[in-house]
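Colleague: Numbering (my numbering), first residue to last: 9 to 362.
(1) By Cβ distance, which residues of its chain are closer than 6 Å to residue 235, with the 5 residues on each side in sequence left out?
(2) In chain order, what are the residue ranges of uninterrupted alpha helix (DSSP H) at least 4 long that sit wholly in the region 96-145?
(3) May I ask you to report which of helix, strand or coil DSSP gives residue 86?
(4) Which same chain residues end up closer than 6 Å to residue 44 when comparing Cβ atoms and leaving out the 5 residues on each side of it in sequence?
(5) Per DSSP, residue 187 is paired with what?
(6) In the structure shown, what three-state DSSP assignment does residue 265 receive?
(7) Label residue 328 either buried or exposed according to how many other C-beta atoms from any shown protein chain fall within 10 Å of its C-beta, with 16 as the threshold for buried.
(8) Going by DSSP, what residues sit across from residue 47 in a beta bridge?
(9) Keeping to the same chain, check which residues put their C-beta closer than 8 Å to that of residue 152; ignore five residues upstream and five downstream.
(10) Evaluate residue 256 with the Cβ neighbour count: other Cβ atoms within 10 Å of its Cβ, from every protein chain shown; 16 or more gives buried, anything less gives exposed.
(11) Please work out which residues of its chain come closer than 8 Å, Cβ to Cβ, to residue 34, disregarding the five sequence neighbours upstream and downstream, and give them in chain order.
(12) Is DSSP giving residue 281 helix, strand or coil here?
(13) Taking 6 Å as the limit between beta carbons, can you name the residues of its chain near residue 162, skipping five residues before and five after?
(14) Buried or exposed, going by whether 16 or more other CB atoms sit within 10 Å of the CB of residue 184?
(15) Are the region 262-275 and the region 302-309 touching, with three or more C-beta to C-beta distances below 8 Å?
(16) For residue 104, which option in 37, 131, 211 and 227 has the closest C-alpha, if you only look at C-alpha atoms?
(17) What would DSSP say about residue 353, mapped onto helix, strand or coil?
(18) If you pair each beta-carbon of the region 162-177 with each one of the region 279-286, do three or more pairs fall below 8 Å?
(19) Looking only at its own chain, which residues have a Cβ that is under 8 Å from the Cβ of residue 280, when we skip the five neighbours before and after it?
(20) Are the beta-carbon atoms of residue 156 and residue 331 separated by less than 8 Å?
(21) Hey, residue 240 and residue 267 are a contact pair by Cβ (cut 8 Å); roughly how many whole angstroms apart?
(22) When you compare each of 158, 335, 89 and 218 to residue 54 by their alpha carbons, which one comes out closest?
(23) If residue 333 sits next to residue 158, beta carbons under 8 Å apart, how far is it from one beta carbon to the other, in whole angstroms?
(24) Does the beta-carbon distance from residue 229 to residue 194 come in below 8 Å?
(25) Could you check what DSSP says for residue 176 in three-state terms: helix, strand or coil?
(26) In three-state terms, what does DSSP make of residue 236?
(27) Do you know how far the Cα of residue 323 is from the Cα of residue 208?
(28) So, is residue 337 buried or exposed, given that buried needs 16 or more other C-beta atoms within 10 angstroms?
(29) Where does residue 271 sit, in a helix, a strand or coil, going by DSSP?
(30) Quick check on residue 254: buried or exposed, where buried means 16 or more other Cβ atoms within 10 Å of its Cβ?
(31) Could you tell me whether the Cβ atoms of residue 111 and residue 134 are closer together than 8 Å?
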């Protein structure tokens, strides 16, 4: 018996990760709060390669903890990262279910593939919330998520260009040869933003002034640079442009600089710019007067609504299955400092990580 104990002690000393591998998997649950009731929640992120995804993950954790404290729960929390792999995400969600999560939040890699995970969650009695993505429209019955909290990407473009056209009217300038820097043409957010852009130009009566849609490949700044430069050569009188994401700004800025058109507002030759996402760099160019209107990705608003909805679901309160779309915060070159002082903006909180 003593020999057996000695052998076990040596094995534990040398190979603790082997002995406790399953225990470590379970210990991935982090206790965020203590209360009289118990609840477990998990988040499956599609990827963490973009800074804004860190904001979505961190803000959700912060808000579920806040709700748990306010409602008297001991909350256990875990998060996984699918790294853009649909198979890994399916396994991640399955692991969250097996760990005993009462609610799973999922930022889906693929809106159709994820329907199988929704079904598995419901078969296990687990609430399923789509987060910063929506499920494919083909979902039926138990494939329907219990709630969806997403950003209103059409509003982002509409809100940004509305600010641009208001600023132009204030300056007594009409748009000429409007250039439309489109995102990935296969991306749902890019398509929605295109719709929002078109809605704004139609509302202000400038639809006939849009002269070129500029491809950016798969949200690639270098492709944006090449194609924006060509468009500026073809339309040298252009004084207005929409940029589908600040992620494309490095390429667009270089193209404008090379064409001697990167000029701040108030100076002759300024090109009025509308942008989307409010990256830290996007905020800064509004501050400097190079960009005139921008709308952020509403990471905080989406997280806040999703956290509240999750606890309402668990407590049996009425929660709509309809997609809830959050509108981003609007800034322009007149009000940028006031808005920054009063708003929670991911581009401010994560400015050191861009």
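In this text, a Cβ means the ideal position worked out from N, Cα and C, and glycines have one as well. The structure presented is a predicted model; accordingly, all values stated were derived computationally and were not measured.
Modeller: If we stick to the structure as given:
(1) 222 and 223
(2) 123-131
(3) strand
(4) 80
(5) 220 and 249
(6) helix
(7) exposed
(8) 83
(9) 126, 143 and 329
(10) buried
(11) Confidence is the limiting factor: at residue 34 the pLDDT is only 35, short of 50, which leaves the residue's position unreliable and the question unanswerable from this model.
(12) strand
(13) 200, 203 and 204
(14) exposed
(15) no
(16) 37
(17) coil
(18) yes
(19) 172, 175, 176, 181, 183, 247, 248, 249, 273 and 300
(20) yes
(21) 4 Å
(22) 89
(23) 5 Å
(24) no
(25) helix
(26) helix
(27) 41 Å
(28) buried
(29) coil
(30) buried
(31) yes
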